[in-house]
Amino acid sequence: MKVLVVHNRYRSGQPSGENAVVDQEVALLAGAGHEVSLFERHSDDIAAMSLPAKASVPLRVPWNPAARGALATRLARERPDVVHLHNTFPLLSPSVLAACADAGVPVVATLHNYTLVCTPGTLFRDGKVCRDCVGGSPLPAVRHGCYRGSAVATVPGAVSQVLNRRRWRTGVSRFFCISAAQRELLVAAGLPAARLVVKHNFVPDPGVRRAGAGEHVLFLGRLAEEKGVRLLMAAWERAGVGLPLVVAGTGPLEREVAAWAAGRDDVHYVGLADRARCRELTARAAAVVAPSEWLETFGLVVVEAMAAGVPAVAAGHGAFVELLGDGTGLLHRPGDAGSLADALAAIVEPGRNAALGAAARRRYVRDFTPEVGLSRLLSGYEAAVGHSLR
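Take any residue in the sequence shown, note its place counting from 1, add 325, and you have its number in the numbering used here.
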């Protein structure tokens, strides 16, 4: 199959699971003998733009004629069987859907977040889950300045949401939701249920398994409020786990986390870790912890731990319920430090830890390997090619 992947890459200074998923899928398809090409824009390029060009970026978020024209040229030259669309913000815009429609090329779109129903894509505001804009107007997002804490910065995304609502619903043959929880919410918001299918992200087999009971508990991710970082700090102080906590990542709470770790013998903050270091830290962990306060759409960190036979503690909402609700890890009550502390203490109990780790590995082999991922990708593409939007 001939596939054109369309993606606006996130800034390299902000590690992106979405970028990693795109790269892994491209490599998987190419390795299986499919013809894959990329149509990309890079958010890193904004820094080198002239001042007028930078100023015009927000204006083109709802509709970018240049991106539409450039993609139209590629489509005419390459004639792919299907376009696989990922992120369009901020340099591509939904105008790329018009280029695909004009060329008669079906579109499959992976929904990595909630941006079709929530301007910042997180369903999280003022420290709690927020559904104010779901199924309705994005005006609450503008009023609260939900994108980067600024009403002005929120406007372009909100305008795009309103102007392109119908185009998203009519211009995409298949939507890949990366969890059942995400699909359920988007169907309730009015997206066409028949075209929303669940396709979990896959994770390459790391080739290493945890040896023994593990040396630490690991938090790996963005150091931000929505990731439950402060909740973890509060829970750790009462958990009595008996193993050190290793925290890897960067983000707005980095200084706070570093100061907290410096004052404790049982917490080690290691900063930003590259992919190899992440795999090493995971393989040596007794458990990973993902106490997210927002509704995670998937949870790559949890599935990467599963691949290494390492169990996880995670918040009992969003995608984590379907990842860990079958005995492959432990769930805590969202936002409850006491419940998280209890789960952390429980998951390192030797017998339970070994059983959960083995179950996690079995679940990975069943549902999250590259082979499973390739099969689901191709099924979605074939359905899109056979589906008419006319």
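All residues carry an ideal CB built from backbone N, CA and C; glycine is no exception.
Keep in mind the model is a prediction, meaning the values are calculated, not measured.
So the candidates are P531, R366, H525, A549; which of them puts its Cα closest to the Cα of R393? Taking the first residue of the sequence shown as 1, we reach residue 393 at position 68. Taking only the C-alpha atoms, the option nearest R393 is R366.
According to DSSP, what are the bridge partners of H409? Counting from 1 along the sequence shown, the entry for residue 409 is found at position 84. Under DSSP, H409 shares a beta bridge with V330, V433.
Looking at the strands, I want to know which residues DSSP matches up with S704. As a first step, residue 704 must be located in the sequence shown, where it is residue number 379. Answer is none; S704 lacks a bridge partner.
Entirely within the stretch 597-683 and at least 4 residues each: give me those alpha helix (DSSP H) ranges in chain order. DSSP runs (the alpha helix (DSSP H)) wholly in the stretch 597-683: 600-608, 625-632, 645-649, 662-672.
Every unbroken beta strand (DSSP E) within the stretch 501-562, with a cutoff of 3 residues, ordered by chain: Fully enclosed beta strand (DSSP E) runs of 3 or longer: 521-523, 541-545.
Under DSSP, the beta strand (DSSP E) around S362 begins and ends at which residues? The residue you call residue 362 lines up with position 37 of the sequence shown. Run containing S362: 360-367, per the beta strand (DSSP E) assignment.
Would you mind sorting V408 into buried or exposed? The rule is 16 or more other CB atoms within 10 Å of its CB. Counted from its first residue, the sequence shown places residue 408 at position 83. With 16 or more other Cβ atoms within 10 Å, it is buried.
According to DSSP, which residues form a beta bridge with V573? If you number the sequence shown from 1, residue 573 lands on position 248. First, the amino acid is wrong: residue 573 is Ala here, not Val. In the DSSP output, where bridge partners are listed per residue, A573 has L545, G596.
Would you kindly report the start and end of the unbroken alpha helix (DSSP H) that includes W585? Position 260 of the sequence shown, counted from the start, is the residue given in the question as residue 585. 579-587 is the span of the alpha helix (DSSP H), which, as asked, contains W585.
Under 8 Å Cβ to Cβ from P675, same chain only, skipping five residues before and after it: list those, please. If you number the sequence shown from 1, residue 675 lands on position 350. Non-local C-beta neighbours of P675 in its own chain, meaning closer than 8 Å and more than five positions away in sequence, comprise A538, ordered along the chain.
Which same chain residues, not among the five before or five after P445, have their C-beta less than 6 Å away from its C-beta? Position 120 of the sequence shown, counted from the start, is the residue given in the question as residue 445. Contacts found: C471, Y472.
Below 8 Å on the Cβ atoms is my guess for A610 versus V592; work out the distance and round it to an integer in Å. For this step, residue 610 is matched to residue 285 along the sequence shown. For this step, residue 592 is matched to residue 267 along the sequence shown. Not really, about 14 Å apart at Cβ, beyond 8 Å.
Does the distance from the CB of A640 to the CB of L655 come in under 8 Å? Looking up residue 640 in the sequence shown gives position 315. Looking up residue 655 in the sequence shown gives position 330. Not a contact, by the Cβ cut-off of 8 Å.
For E605, which residues in the same chain have their Cβ closer than 8 Å to its Cβ, ignoring the five residues on either side in sequence? Numbered from 1 along the sequence shown, position 280 holds the residue referred to as residue 605. Hits under 8 Å: none found.
Taking three-plus beta-carbon pairs below 8 Å as touching, is the stretch 427-435 in contact with the stretch 492-511? Three or more Cβ pairs closer than 8 Å define a contact, and the stretch 427-435 meets that threshold against the stretch 492-511.
Measuring CA to CA, which of P529, A506, F544 is closest to V522? As a working note, residue 522 is residue 197 in the sequence shown. Nearest C-alpha to V522 among P529, A506, F544: A506.
Output the distance between the C-alpha atoms of E618 and R450, rounded to the nearest integer angstrom. By 1-based counting over the sequence shown, the position of residue 618 is 293. By 1-based counting over the sequence shown, the position of residue 450 is 125. Roughly 10 Å between the two C-alpha positions.
Let me confirm a value: P481 is counted as buried when at least 16 other C-beta atoms fall within 10 Å, else exposed. Which label applies? For the purposes of this step, residue 481 is taken as the residue at position 156 of the sequence shown. Buried.
Report yes or no: do the stretch 687-704 and the stretch 511-528 share at least 3 C-beta pairs separated by less than 8 Å? Under the three-pair Cβ rule at 8 Å, the stretch 687-704 counts as touching the stretch 511-528.
Assess contact between the stretch 564-576 and the stretch 547-556, defined as three or more Cβ pairs (one per stretch) separated by less than 8 Å. Is contact present? Judged by Cβ distances under 8 Å, the stretch 564-576 makes contact with the stretch 547-556, as three or more pairs qualify.
What does a CB cutoff of less than 8 Å around V328 pick up in its chain, not counting 5 residues either side in sequence? Reading the sequence shown from its first residue, position 3 is the one you call residue 328. Correct list, in chain order: L354, H359, E360, V361, S362, P405, D406, V407, V408, H409, Y706.
Please look up how many angstroms separate the CB atoms of V613 and T607, rounded, as I've assumed it's under 8 Å. As a working mapping, residue 613 is identified with position 288 in the sequence shown. As a working mapping, residue 607 is identified with position 282 in the sequence shown. V613 to T607, Cβ: 7 Å. Contact.
Less than 7 Å between C-beta atoms, sequence neighbours within five positions excluded: which residues of the same chain meet that for V454? Within the sequence shown, numbered from 1, the residue matching residue 454 stands at position 129. Counting only Cβ-Cβ distances below 7 Å, and skipping sequence neighbours, we find L448, W619, L620.
Can you tell me whether DSSP reads R336 as helix, strand or coil? For this step, residue 336 is matched to residue 11 along the sequence shown. Coil, per DSSP.
Output the boundary residues of the alpha helix (DSSP H) element that contains S420. Position 95 of the sequence shown, counted from the first residue, corresponds to residue 420. Here the alpha helix (DSSP H) through S420 covers 420-428.
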